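Taking it in order: structure first as C-alpha cells, then the write-up.
There are 2 protein chains.
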Amino acid sequence: MSPRTEEQYEEIRHEKRVLIMNTALELFAMHGYENTTISQIAKKAGISKGLLYNYFESKEYLLEAILNKGMDEVLEIFDPNKDGVLETYEMEFFINEIFKTVEKNRVFWRLYMAISLQPSVFKLVEKRIEELYEPMMQLMLGYFKNAGSANPFMDAIIFNSLLDGITLDYILKPDIFPIEDIKKELIHRFCIHKKTVS
Amino acid sequence: MSPRTEEQYEEIRHEKRVLIMNTALELFAMHGYENTTISQIAKKAGISKGLLYNYFESKEYLLEAILNKGMDEVLEIFDPNKDGVLETYEMEFFINEIFKTVEKNRVFWRLYMAISLQPSVFKLVEKRIEELYEPMMQLMLGYFKNAGSANPFMDAIIFNSLLDGITLDYILKPDIFPIEDIKKELIHRFCIHKKTVS
DNA sequence: TATCTTTGACCAAACGTTCAATCAAAAGTA
DNA sequence: TACTTTTGATTGAACGTTTGGTCAAAGATA
C-alpha cells in the first residue's frame with residue numbers, strides 16, 4: 001500500500017526536524033533571530049526553503065521549538081528526586097551539573113540570553129523562565145538556610161546573579177574565560193567551608 | 199545673508215541629534231536593533247524619515263553614535279585621577295558609582311548587552327569594551343592584592359562576573375530585583391570586612 | 001532673496017511565505 | 001526481473017509586504 005512504512009517516514013521527519021533546528025539554533029545564536037533569514041538556514045542545512053515550511057509553520061514557531069527543546073534539556077538538572085534540601089556534598093554535585101550544562105549548551109544559552117533581553121520576543125521564553133527560576137531559588141534558599149546563613153534570601157539572590165554573570169562572561173569570551181578554575185573556586189567557597197559561607 | 203546665525207543652527211542641530219538618539223535608544227533597547235524601523239524612530243521623535251538621514255548617514259551609524267555616547271558616559275567612572283590602588287573606602291565609593299551608573303543608564307545597558315550577544319554587530323562595541331574592561335580589571339586586581347587576597351586574579355574575575363550578573367538580573371527585572379539591598383550587601387562584604395574577603 | 005531645515009512620496013532590495021510541480025522509494029503486478 | 005502505481009518528502013520560482021535609503025520640492029527665517 002504505502003511506499004514506505006510509518007516508521008521510515010517517522011525517522012526521516014525526525015532527522016530533518018533535528019537538522020533544521022540545530023542549524024537554525026547556531027545561526028540564530030550567532031547572528032540573532034531577526035538577522036537570520038530562512039534562506040540562510042535552508043542553505044546551511046542543505047535543504048530547500050519550502051521544506052523548512054513543511055516542518056515548521058513559521059519562523060517564530062521554529063524559534064519556539066528550539067527554545068522549548070533547550071529548556072527541557074536544562075530543566076533535567078532538577079530531575080533527581082530531591083527532598084528540597086541541599087547538603088554540602090549535594091551542592092558540589094549541583095554546581096558541577098550547572099557548569100556541565102552551560103558548557104554543553106553554550107550556543108543555546110547565547111540565544112536564550114539574547115532573547116531574554118528583547119521584550120518583543122521575550123514572551124516566547126517568559127513562562128519557561130519561571131520553571132527554571134523557581135526551583136533554582138528554592139534550592140538555593142534551602143541550602144543557605146541549612147548552612148546557617150544570616151540572610152539566606154540575600155545569599156540566594158547573589159549566588160544566582162553570580163552564576164548568571166559567570167554564564168554571560170563565559171558565553172561572551174569562551175576562549176579566555178577560565179571556567180574550570182572558576183568552577184573549582186566556587187566549589188571551594190560554597191562546599192568545603194561548610195557553614196562559614198559569606 | 200544667512201537666515202540664522204551659526205550658533206542658532208548649531209543649537210537646532212544639537213537638539214535634534216539628541217532627540218533622535220534618545221528616541222532610537224529607547225526603541226532599540228525595547229524591540230531590538232533589527233526589529234526597530236527608521237519610520238518608527240521618526241514617528242516617535244515627531245520628525246520625518248528624511249530628516250533622520252540628514253543627521254545620521256545610516257541606521258548603523260545611528261546605533262554606533264548611541265553606543266559611543268553611552269560608553270563615554272560610563273567611562274567617566276574611571277575619570278578621577280586614581281593612582282591605581284583602591285583603598286577600602288574608595289572601593290565603597292566605586293561600588294556606589296557603578297550602581298549609580300547602572301540605575302541611571304538602565305536602557306543603555308540593555309541595548310549594550312543585547313549587542314554584545316550578537317557577533318555580527320558586536321564589532322561596533324568590541325573596542326570600547328576593552329576600554330571598559332581593562333581599567334576595571336586593573337583596579338580590581340590592585341584592590342584584591344592590597345586586601346591580601348590569596349588569589350587576586352580569581353577574586354577580580356569573580357567580582358567582575360558578579361557585577362555583570364547583578365546588572366543583567368536588574369535589567370531583566372528592574373521592578374522586583376532588590377538592587378539597593380544588594381548594593382549595601384556588596385559594600386558590607388567587600389568594604390567593611392577589610393582584608394578578610396573570601 | 002538666499003540659505004539651511006524639513007517633508008513624505010518614492011524606490012530597489014530583501015524578506016517570510018506559498019504552492020503547483022517533481023522526485024524517490026517501497027509495494028503490487030505480471 | 002521489469003514495469004506501474006502510490007505516497008509523502010522535496011523543490012524553487014513567484015508573490016505580497018516591508019525595509020533602509022533617496023530626492024525634488026516646500027517651509028522658515030533674517
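Those protein sequence lines, which keep their order, are chains A and B. Numbering follows my numbering, in which position 176 of the first sequence is assigned residue number 176; successive positions increment by one, without gaps. Numbering follows my numbering, in which position 115 of the second sequence is assigned residue number 313; successive positions increment by one, without gaps. Each residue gets a CB set at the ideal place from its N, CA and C atoms; glycine is no exception. None of these values were measured; they are calculated from a predicted model.
Burial state of B/ALA354 (16 or more Cβ within 10 Å):
Translated into the one-based positions of the second sequence, residue 354 of chain B becomes position 156. Looking at its Cβ environment, which holds 16 or more other Cβ atoms inside 10 Å, B/ALA354 is buried.
Find the residues of chain B that neighbour A/GLY148, judging by a C-beta separation of less than 9 Å, and give them in chain order.
Translated into the one-based positions of the first sequence, residue 148 of chain A becomes position 148. Under the 9 Å cutoff, chain B gives no residues; its nearest Cβ is about 17 Å from A/GLY148.
Quick check on A/SER120: does DSSP put it in helix, strand or coil?
In the first sequence, counting from the first residue as 1, residue 120 of chain A sits at position 120. Reduced to three states, the DSSP call for A/SER120 is helix.
CA-CA distance, B/ASN266 and B/VAL305?
As a position in the second sequence, residue 266 of chain B is number 68, starting the count at 1. As a position in the second sequence, residue 305 of chain B is number 107, starting the count at 1. Going from the Cα of B/ASN266 to the Cα of B/VAL305 covers about 14 Å.
What's the C-alpha gap between B/GLU157 and A/SER161?
Only positions 199 to 396 of chain B appear in the structure, and residue 157 of chain B is not among them; the question remains open.
Measure the Cβ-Cβ separation of A/VAL74 and A/THR101 and say whether it is below 8 Å.
Working through the first sequence from its first residue, we reach residue 74 of chain A at position 74. Working through the first sequence from its first residue, we reach residue 101 of chain A at position 101. Result yes, Cβ atoms of A/VAL74 and A/THR101 sit closer than 8 Å.
Which residues, in chain order, does the segment 16-43 of chain A contribute to contact with chain B at a C-beta distance below 7 Å?
MET30, HIS31, GLY32, GLU34 and ASN35
In whole angstroms, what is the alpha-carbon distance linking B/ILE296 and A/SER48?
To locate residue 296 of chain B, count along the second sequence from 1; it is residue 98. To locate residue 48 of chain A, count along the first sequence from 1; it is residue 48. Looking at the two C-alpha atoms, the distance is approximately 50 Å.
Using beta carbons (cut-off 8 Å, strictly below), is A/GLN199 in contact with chain B?
Residue 199 of chain A cannot be examined here, being either before or after the span of chain A that is shown, 1 to 198.
Is B/PRO376 buried or exposed, if buried means 16 or more other CB atoms sit within 10 Å of its CB?
Indexing the second sequence from 1 puts residue 376 of chain B at position 178. The residue is exposed, with fewer than 16 neighbouring Cβ atoms inside 10 Å.
From the DSSP output, in three-state form, read off B/PHE375 for me.
Within the second sequence, the letter at position 177 stands for residue 375 of chain B. B/PHE375 falls in the coil class under three-state DSSP.
Closer than 8 Å by C-beta to A/PHE159: which residues in its own chain qualify, once you throw out the five before and the five after it? Chain order, please.
Here the question's residue 159 of chain A lines up with position 159 in the first sequence. These residues qualify, in order along the chain: MET140, PHE144 and PHE190.
When DSSP labels each residue in this structure, what does A/SER149 get in the three-state scheme?
Walking along the first sequence from the start, residue 149 of chain A turns up at place 149. A/SER149 carries a coil assignment under DSSP once its states are collapsed to helix, strand and coil.
Under 8 Å Cβ-Cβ, which residues of chain B neighbour A/PRO119?
In the first sequence, the residue the question calls residue 119 of chain A occupies position 119. Ordered by position in chain B, the residues that pass the 8 Å Cβ test against A/PRO119 are MET228 and HIS229.
Comparing alpha-carbon positions, which option in B/TYR251, B/LEU284 and B/LEU250 lies nearest B/ALA345?
Along the second sequence, read from residue 1 onward, the residue named residue 345 of chain B stands at position 147. Nearest C-alpha to B/ALA345: B/LEU284.
Contacting positions in the segment 158-192 of chain A - beta carbon closer than 9 Å to chain B:
ILE158, ASN160, SER161, LEU162, LEU163, ASP164, GLY165, ILE166, THR167, LEU168, ASP169, TYR170, ILE171, LEU172, PHE177, PRO178, ASP181, ILE182, GLU185, LEU186 and ARG189
Distance, Cα to Cα, A/TYR53 vs A/THR23?
Here the question's residue 53 of chain A lines up with position 53 in the first sequence. Here the question's residue 23 of chain A lines up with position 23 in the first sequence. Answer to the nearest angstrom: the Cα atoms are 15 Å apart.
Give a yes or no on whether the minimum CB-CB distance between B/ARG304 and chain A is below 8 Å.
As a working note, residue 304 of chain B is residue 106 in the second sequence. Closer than 8 Å: no.
Taking contact to mean 3 or more Cβ pairs, one atom from each stretch, closer than 8 Å, check whether the segment 361-371 of chain B and the segment 162-174 of chain A are in contact.
The answer is yes - the segment 162-174 of chain A touches the segment 361-371 of chain B, with three or more Cβ pairs under 8 Å.
Minimum Cβ-Cβ distance from A/MET154 to chain B less than 8 Å:
Position 154 of the first sequence, counted from the start, is the residue given in the question as residue 154 of chain A. Yes, contact with chain B.
Got a sec: is the Cβ-Cβ distance from B/ARG326 to anything in chain A below 8 Å?
Locating residue 326 of chain B in the second sequence gives position 128, counting from the first residue. Taking Cβ atoms only, chain A never reaches closer than 8 Å to B/ARG326, which makes this a no.
Can you tell me which of the three DSSP states A/THR37 falls into?
Against the first sequence, residue 37 of chain A aligns to sequence position 37. DSSP, read as helix, strand or coil, puts A/THR37 in coil.
Could you say which of A/ARG110, A/ILE115 and A/ASN151 lies nearest to B/LYS382 if we only look at CA atoms?
Taking the second sequence and counting its residues from 1, the one referred to as residue 382 of chain B is at position 184. The option with the nearest alpha carbon to B/LYS382 is A/ASN151.
Threshold first: 4 residues or longer. Then list the alpha helix (DSSP H) segments lying entirely within the segment 70-112 of chain A, N to C.
88-104
By Cβ distance below 7 Å, which residues in the same chain neighbour A/LEU19 in space, the five residues on each side in sequence not counted?
Start at 1 with the first residue of the first sequence, and residue 19 of chain A comes out as number 19. Closer than 7 Å at Cβ, skipping near neighbours: ALA45.
Let's see if you can read the secondary structure: which residues bound the alpha helix (DSSP H) around A/GLY32?
Position 32 of the first sequence holds residue 32 of chain A. It is not in any alpha helix (DSSP H) - A/GLY32 carries neither H nor E in the DSSP assignment.
Would you mind stating whether A/ALA114 and B/ALA312 have Cβ atoms separated by less than 8 Å?
As a position in the first sequence, residue 114 of chain A is number 114, starting the count at 1. As a position in the second sequence, residue 312 of chain B is number 114, starting the count at 1. Yes.
Taking Cβ-Cβ distances shorter than 9 Å, what residues in chain B pair up with A/SER116?
Stepping through the first sequence from its first residue, residue 116 of chain A is reached at position 116. Within chain B, the residues near A/SER116 are LEU366 and LEU370.
Compute the beta-carbon to beta-carbon distance between B/SER165 and A/LEU172, rounded to the nearest angstrom, for a pair I have assumed lies under 8 Å.
Any question about residue 165 of chain B goes unanswered here, given that chain B covers just 199 to 396.
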